[in-house]
Amino acid sequence: MTSVTRENVLGYRARAQGLDRSGDVGALLGVGIQDTPAGTAATVLAARGVHQFPKGTRIVWSWRGAPHVHNEADLKALATATWPVDDADATRRITNPRIKEGAKRGLGAFAAGAAALREAVTEKLPKGEVSRRVSALVPDDLNFDCPTCASRHVSGGLFQLVGVPAGVEVLTEGRSSYLKPLPSSLRLKELPQSGSGLDEMVLRYLRVNGPASTASLAAHAGMSATALKGHLPGGLVEVGTPLGKAWMVEDRVDELLSAEKPELVRLLPGGDPWLTARDRDLVIPDGAHHRAVFKALSNPGVVLVDGDVIGTWRAKVGKGKVLEVAVTGFGVLPPRLKKALEQEAQGLAASRRAETAAVSFA
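Take 63 as the starting number for the sequence shown in the numbering used here and just add one per residue.
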């Protein structure tokens, strides 16, 4: 078995994820760029020197029911690739413990949810109104009593999982979310009968985030490793990483082996693909630094220097449309690096709807 180093993995991903600012983010979009919280995807692109969404992209609920930016050309394939492979897989994906009985419907729960969402979204509507309509259309065991809303409504864990199969896109305006039907040319004529095309999506993921274990691939897809194993594509080989065995696309192994630690300075948002790869201990080996970055809620952005995370940052738009970036280093940051980070912050300002940026260091 071929063994690779941490430097090989990080160097490969830096190029594959567009952090070298080659201008090519097509591979990232082929997987999908998560937009949680709303606006994250714009900052992900800005960190790569791309300052507007490429033409022909949409935001939909796809992997794990989370909003992602995808190419329009991929939406039909995603509708079947994100569909559960069998009843057991469907039941496992519905994680809300308050609808255990409804989850036992398996694929039937997904079919009911997708049909209801497609019927409910006939025009641009607030997310809350769509939830109300869907709740009235699905079998009642897919609804639950919500103390927060003081009402009974459909589980968000199902509601969002069927977004792209139902042919619905997500729009964010300020703090409000809206749903709108995709054009007929971008949606399936009929709902999926079974999942298909997952193997191609696994290949895409590995070309951007490889190498990755079966468990990591399954976590990305929101399914169990057991369910995913039967859908691994051909053309994969196992390699040894510092964390153990992992899959890699065979025709990319030479590129992986020749990759070196990336020489770059970047400010990455908390939801960046660099951080959402599942081998977090490889990305950030230091335990204290790991805990500073990966929070239960609202991860900070990170300061990435030559492949290592050396600090965190948070930002807000202040008076005069200034993006106020507060950087906390894990150690003393030299003046030259501070200057580079100030330049990076300027590049992120527009993605946060600011006109300029100001950086403070702690």
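Ideal Cβ positions, reconstructed from N, Cα and C, are used throughout, including at glycine. Please read all numbers here as calculations on a predicted model, not as lab measurements.
Whole-angstrom distance between residue j and residue i, CA atom to CA atom
{"i": "aspartate 313", "j": "glycine 94", "result": "22 Å"}
{"i": "valine 200", "j": "glycine 80", "result": "42 Å"}
{"i": "lysine 117", "j": "asparagine 133", "result": "8 Å"}
{"i": "glycine 259", "j": "alanine 89", "result": "17 Å"}
{"i": "lysine 29", "j": "glycine 190", "result": "Here the chain comprises residues numbered 63 to 424, so residue 29 is not present and cannot be evaluated."}
{"i": "arginine 75", "j": "glycine 170", "result": "38 Å"}
{"i": "leucine 385", "j": "valine 122", "result": "28 Å"}
{"i": "valine 71", "j": "phenylalanine 356", "result": "20 Å"}
{"i": "valine 299", "j": "alanine 308", "result": "8 Å"}
{"i": "aspartate 261", "j": "leucine 140", "result": "11 Å"}
{"i": "glutamate 69", "j": "alanine 424", "result": "28 Å"}
{"i": "lysine 381", "j": "serine 238", "result": "22 Å"}
{"i": "alanine 104", "j": "leucine 204", "result": "34 Å"}
{"i": "valine 270", "j": "arginine 77", "result": "9 Å"}
{"i": "leucine 341", "j": "arginine 353", "result": "Reading off the sequence shown, one finds aspartate at residue 341, where the question assumed leucine. Straight-line Cα distance between these residues: approximately 14 Å."}
{"i": "serine 217", "j": "serine 65", "result": "44 Å"}
{"i": "leucine 399", "j": "alanine 358", "result": "29 Å"}
{"i": "leucine 91", "j": "cysteine 211", "result": "35 Å"}
{"i": "alanine 416", "j": "alanine 165", "result": "44 Å"}
{"i": "alanine 375", "j": "proline 362", "result": "Correcting the residue type first, residue 375 is tryptophan in the shown sequence and not alanine. The straight-line gap from Cα to Cα measures roughly 6 Å."}
{"i": "glutamate 317", "j": "histidine 293", "result": "25 Å"}
{"i": "proline 331", "j": "isoleucine 372", "result": "14 Å"}
{"i": "leucine 403", "j": "leucine 241", "result": "37 Å"}
{"i": "phenylalanine 221", "j": "proline 295", "result": "29 Å"}
{"i": "valine 394", "j": "alanine 350", "result": "16 Å"}
{"i": "glycine 377", "j": "alanine 388", "result": "The residue you asked about is not glycine; residue 377 is alanine in the sequence shown. Between alanine 377 and alanine 388, the C-alpha separation is close to 6 Å."}
{"i": "threonine 142", "j": "valine 421", "result": "44 Å"}
{"i": "glutamine 255", "j": "threonine 276", "result": "25 Å"}
{"i": "leucine 410", "j": "valine 367", "result": "17 Å"}
{"i": "glycine 229", "j": "proline 324", "result": "39 Å"}
{"i": "proline 397", "j": "glycine 306", "result": "38 Å"}
{"i": "arginine 414", "j": "methionine 63", "result": "45 Å"}
{"i": "lysine 186", "j": "glycine 257", "result": "28 Å"}
{"i": "arginine 110", "j": "alanine 321", "result": "19 Å"}
{"i": "glycine 391", "j": "aspartate 370", "result": "12 Å"}
{"i": "serine 360", "j": "arginine 83", "result": "26 Å"}
{"i": "valine 226", "j": "serine 124", "result": "6 Å"}
{"i": "valine 379", "j": "threonine 234", "result": "18 Å"}
{"i": "alanine 289", "j": "arginine 155", "result": "11 Å"}
From the options, residue whose alpha carbon lies closest to that of residue i
{"i": "valine 106", "options": "Ser422, Asp370 and Pro335", "result": "Pro335"}
{"i": "glutamate 252", "options": "Asn205, Gly219, Ser124 and Lys138", "result": "Lys138"}
{"i": "leucine 223", "options": "Pro397, Ala128, Leu395 and Thr374", "result": "Ala128"}
{"i": "valine 87", "options": "Glu69, Val131, Val66 and Trp125", "result": "Val131"}
{"i": "leucine 319", "options": "Met310, Val379 and Arg249", "result": "Met310"}
{"i": "valine 173", "options": "Asn158, His351 and Val147", "result": "Checking the sequence, you will find alanine at residue 173 rather than valine. Alanine 173 has its Cα closest to that of Val147, out of Asn158, His351 and Val147."}
{"i": "glycine 333", "options": "Asp316, His351 and Val364", "result": "Val364"}
{"i": "valine 264", "options": "Ala280, Pro254, Arg83 and Thr390", "result": "Ala280"}
{"i": "arginine 126", "options": "Thr144, Arg110 and Ala419", "result": "Thr144"}
{"i": "arginine 167", "options": "Arg249, Asp202, Leu290 and Val371", "result": "Asp202"}
{"i": "threonine 119", "options": "Val232, Asp82 and Gly218", "result": "Val232"}
{"i": "glycine 297", "options": "Arg266, Asp136, Phe115 and Asp368", "result": "Arg266"}
{"i": "alanine 108", "options": "Thr418, Ala420, Ala412 and Ala419", "result": "Ala412"}
{"i": "alanine 339", "options": "Ala420, Pro273, Arg249 and Val367", "result": "Pro273"}
{"i": "glutamine 114", "options": "Lys186, Pro397 and Gly85", "result": "Gly85"}
{"i": "alanine 407", "options": "Ala228, Pro397 and Arg328", "result": "Arg328"}
{"i": "leucine 326", "options": "Gln405, Ser360 and Lys291", "result": "Gln405"}
{"i": "proline 188", "options": "Gly236, Pro245 and Ser256", "result": "Gly236"}
{"i": "arginine 249", "options": "His215, Leu366 and Ala135", "result": "Ala135"}
{"i": "glycine 302", "options": "Val315, Lys323 and Leu290", "result": "Val315"}
{"i": "leucine 337", "options": "Pro304, Ala289, Ser278 and Lys291", "result": "Ser278"}
{"i": "alanine 176", "options": "Pro243, Thr234 and Lys291", "result": "Pro243"}
According to DSSP, residues forming a beta bridge with residue i
{"i": "glutamine 96", "result": "His130"}
{"i": "phenylalanine 423", "result": "Val389"}
{"i": "serine 65", "result": "Gly302"}
{"i": "serine 213", "result": "Cys208"}
{"i": "tryptophan 309", "result": "Ala274 and Glu300"}
{"i": "threonine 119", "result": "Asn133"}
{"i": "leucine 330", "result": "Val364"}
{"i": "threonine 102", "result": "Paired residues: none, contrary to the question."}
{"i": "threonine 30", "result": "Summary: the structure shown does not reach residue 30, with the chain confined to residues 63 through 424, and so no result is reported for it."}
Contact with chain B by residue i, beta-carbon distance below 8 Å
{"i": "lysine 166", "result": "The chain labelled as chain B is not found in the depicted structure, where only one protein chain is given."}
Query raised in the report: Hey, which unbroken runs of the beta strand (DSSP E) at 3 residues or more fall wholly within the segment 222-280?
Result: 230-235 and 238-243
**Report entry** Stretch pair the segment 89-104 + the segment 341-352: three plus CB contacts closer than 8 Å
**Finding:** no
Requested in this report: Jot down the residue ranges of each uninterrupted beta strand (DSSP E) in the segment 341-395, minimum 3 residues, whole runs only, in chain order.
Outcome: 363-367, 370-380 and 384-391
Query raised in the report: Can we say the segment 192-206 touches the segment 174-182, given the rule of at least three CB pairs closer than 8 Å?
Result: yes
Query - Inter-stretch contact at 8 Å, needing at least 3 Cβ pairs: the segment 150-164 / the segment 283-295 - result: yes
**Report entry** Contained alpha helix (DSSP H) runs [length at least 4] in the segment 148-215, N- to C-terminal order
**Finding:** 149-155, 162-165, 169-182 and 189-199
Requested in this report: For the segment 207-226 and the segment 153-163, state whether three or more C-beta atom pairs, one from each stretch, are separated by less than 8 Å.
Outcome: yes
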